[in-house]
Amino acid sequence: MRMRYSVAMTAVLGVPSAWAADLAVKVEIPRLTVAEYHRPYTAVWIEKADQSFAANLAVWYDVKMKNNEGTKWLKDIRQWWRKSGRELQLPVDGLSGATRAPGEHALSFSGAKSPLDKLPAGDYQVVVEAAREVGGRELVRVPFTWPPTTVQSNKAKGERELGAVSVDAKP
Amino acid sequence: MTSLLLRAAPIALALAALLPLPAHAHRSWMLPSATVLSGNEPWVTVDAAVSNDLFYFDHNPLKLDGLVALAPDGSKATPENLGTGKYRSTFDLKLAHKGTYKLALVNDQLMASWKVGGENKRARGSAESLAKEIPANPQDLKITRNQSRMEVFVTSGKPSDSVLAPTNQGLELVPITHPNDLFAGGQASFRFLIDGKPAAGVEVTVIPGGVRYRDQLGEIKASTDADGKFNVQWPAAGMYWLTASHGAAPGAAGPSGTLGEPVRRASYSATLEVLPQ
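As you go down the protein sequences, you meet chains A and B in turn.
For the first sequence, the residue numbers in our numbering are 239 to 409.
For the second sequence, the residue numbers in our numbering are 206 to 482.
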């Protein structure tokens, strides 16, 4: 009986489009006092617990340069480039966007839409990686469980190239 | 005196046979400006030199004869702006296609050494040219065939595998881990082949660049297993020089070889880039 119950549960979880959950990610780009400042190239993606790639959430780069020339520095978002970026033909609708100014940027993703609707149940982390021209590079990971059964709120903070990163998941 | 020399000689030769390279060998290398690239048709520029310290061009330029650039589809790409200065050679390559390119400097030549009345003579070239240069009845004639291969891999976009296929001639590295997918803290696996067959028991040396600014060479040693495989654990990001050789060490005791059947020595080196995590 118990067995049958867990099989039934798996069957329900196997139809992820039924989830109404939401994921909210806040990324703070710090204001830096440097002689030459350029907004960082930034990637936001989801990793499985073993740090393998699961899904992309956002990529911010110089999308407006002529002939897509801004893609030249995408490889500087090193870990994202290795895990996903090099597989993509950018720009990608709904994923790529212009670089962001210093400040807090809020992103929200519906569980009913791509990519979360295809995300199997499990433990994940949101990864934010920022690489700044003539500056540094930093990567921040924030864990979450999908789909959320209760309200989850997790935070981490970068030291130089990223400020606070928070991930809120609610059923 | 003579008898002492005769007795000491086999020991010295045996010791020499253990050394992968002669004590004062210079290192030959190519150094690419980047190995992992994104964007439209990126370019790489490559320095090529012979020096003691990796990767500083302070001794001799490397001759670019025998340079081959392979595009991701296996076709030949054309290096541009080739030039040779006092200390280095250089060339550029446009990565017009997505995928992995291989740059290889391949040489295959015979070397003869002999004595004329106690004086050492040497010549390099083909079997034909050497046949003309070597006098009749030379003393201590030794003929060696030196096959060497030096490689660099660069990738635009997603890494591809077709240029990694071996030619099955001489000593070749067949990556199991893609050579443009190396990162600090990671482990990479490779395989050495000799004429297309697993090269077992090959001693591999991996030296991190930046030699000038540290006291220890910091080399990593590995040796290939029965299947020709070995692993390298990357301690830090940077450029690394990997080298190995197969066959008779220079000056080693053993058969002296003939023009028809020279003593074969095959060597391989590659410059590999390891990126931060």
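Just so it is clear, CB atoms sit at the ideal spot from N, CA and C, and this is done for glycine as well.
Buried versus exposed, by CB contacts within 10 Å (16 or more), residue i
i, result
"B:E285", "exposed"
"B:L477", "buried"
"A:L312", "buried"
"B:N351", "buried"
"B:F395", "buried"
"B:G362", "buried"
"B:A274", "buried"
"A:D406", "buried"
"B:Q344", "exposed"
"A:V253", "Only weak support is given to the placement of A:V253: the predicted model assigns it a pLDDT of 46, under 50, and the value that follows is read from those uncertain coordinates. Exposed: under 16 other Cβ atoms inside 10 Å."
"B:L192", "There is simply no residue 192 of chain B to check, as chain B begins at 206 and stops at 482 in what is shown."
"A:Y299", "buried"
"B:T429", "buried"
"B:N325", "exposed"
"A:Q317", "buried"
"B:E338", "exposed"
"A:T271", "exposed"
Within 8 Å, strictly: CB atoms of residue i and residue j
i, j, result
"B:W446", "B:G391", "no"
"A:P278", "A:A359", "no"
"B:G200", "B:N245", "Only positions 206 to 482 of chain B appear in this structure, which leaves residue 200 of chain B out of reach."
"A:A292", "A:L357", "yes"
"B:V359", "B:L300", "yes"
"A:P353", "A:P385", "no"
"B:M355", "B:S450", "no"
"B:L259", "B:F388", "no"
"B:T305", "B:V368", "yes"
"B:A239", "B:V251", "no"
"A:A259", "A:G349", "yes"
"B:P403", "B:A431", "yes"
"A:V366", "A:V282", "yes"
Selection from the options that minimises the alpha carbon distance to residue i
i, options, result
"B:G288", "B:N385, B:L298, B:L376 and B:I381", "B:L298"
"A:D314", "A:K286, A:K393, A:T280 and A:A344", "A:T280"
"B:K291", "B:V379, B:A239, B:L267 and B:S243", "B:L267"
"A:R338", "A:V301, A:L328 and A:S322", "A:V301"
"B:T382", "B:A404, B:G322 and B:F435", "B:F435"
"A:L326", "A:G341, A:H343 and A:A296", "A:A296"
"B:F262", "B:V379, B:G414 and B:K347", "B:G414"
"B:R232", "B:N257, B:V321 and B:A253", "B:N257"
"B:G433", "B:I399, B:Q374, B:A442 and B:G452", "B:I399"
Neighbour flag for residue i against chain C, beta carbons, 8 Å
i, result
"B:Q482", "You won't find chain C in this structure, because its protein chains are A and B."
Self-check item: Length at least 3, wholly inside the segment 403-444 of chain B: the beta strand (DSSP E) runs in chain order
Solution: 408-413, 425-428 and 434-438
Quiz item: Along the chain, which unbroken stretches of the beta strand (DSSP E) at least 3 residues long are found entirely within the segment 347-411 of chain B?
Solution: 376-380 and 392-399
Self-check item: Inside the segment 315-352 of chain A only - beta strand (DSSP E) runs reaching at least 3 residues
Solution: 334-336 and 341-348
Quiz item: Which residues, in order along the segment 290-310 of chain B, keep a beta-carbon less than 8 Å from a beta-carbon of chain A?
Solution: none
Quiz item: Given a limit of 8 Å on CB to CB distance, which residues of the segment 333-347 of chain A reach chain B?
Solution: none
Exercise. Pick out the complete beta strand (DSSP E) segments inside the segment 255-313 of chain A, 3 residues or longer, and give them in chain order.
Key: 260-267, 279-286 and 291-299
Quiz item: Can you list, in chain order, the residues of the segment 237-262 of chain B whose Cβ is nearer than 7 Å to any Cβ on chain A?
Solution: V241, L242, S243, G244, N245 and P247
Practice problem: Check distances from the C-beta atoms of the segment 260-286 of chain B to those of chain A and list, in chain order, the residues that come in under 8 Å. | Solution: none
Self-check item: Proximal residues, the segment 310-336 of chain A versus chain B, C-beta separation under 8 Å
Solution: K310, W311, L312, K313, R316, Q317, W319, R320, G323, R324 and E325
Practice problem: Compile a chain-ordered list of the residues in the segment 346-366 of chain B whose CB is closer than 7 Å to at least one CB of chain A. | Solution: G362 and K363
Exercise. Entirely within the segment 365-396 of chain A and at least 3 residues each: give me those beta strand (DSSP E) ranges in chain order.
Key: 375-384 and 390-395
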